[in-house]
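Residue numbering for the sequence shown is 5 to 75, as defined by the working numbering. Virtual Cβ for every residue (Gly too), placed ideally from N, Cα, C. Structure record follows, encoded as structure tokens.
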Amino acid sequence: MTKKLIAEAIGTFILVFFGCGAAVLAGGDIGLTGISLAFGLAIVAAAYGLGAISGAHLNPAVSLAWWPPAG
Numbered sequence: 005m006t007k008k009l010i011a012e013a014i015g016t017f018i019l020v021f022f023g024c025g026a027a028v029l030a031g032g033d034i035g036l037t038g039i040s041l042a043f044g045l046a047i048v049a050a051a052y053g054l055g056a057i058s059g060a061h062l063n064p065a066v067s068l069a070w071w072p073p074a075g
């Protein structure tokens, strides 16, 4: 389970870093189409790269919802 959580955290970082980075740093130059492509390509890259480990989830809350309860 720890590998899944780490993979999802990395996937979330990729999504936020590239998607939001493109919007903030180059949003005026690349427009909505460029921002959309940055988010889409970040999701595809994270899903293909980390999909075998975490099931291609990019939200760590998805795996935490399946975490067994203590007790």
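With fewer than 16 neighbouring CB atoms inside 10 Å of its own CB, G32 falls in the exposed class. Looking at the backbone, the Cα of F43 and that of G53 are separated by about 15 Å. A direct Cα-Cα distance of roughly 12 Å separates V20 from L45. In this structure, the beta-carbon distance from A51 to G15 falls below 9 Å. Taking every protein chain shown into account, the CB of A56 has fewer than 16 other CB atoms within 10 angstroms, so this residue is exposed.
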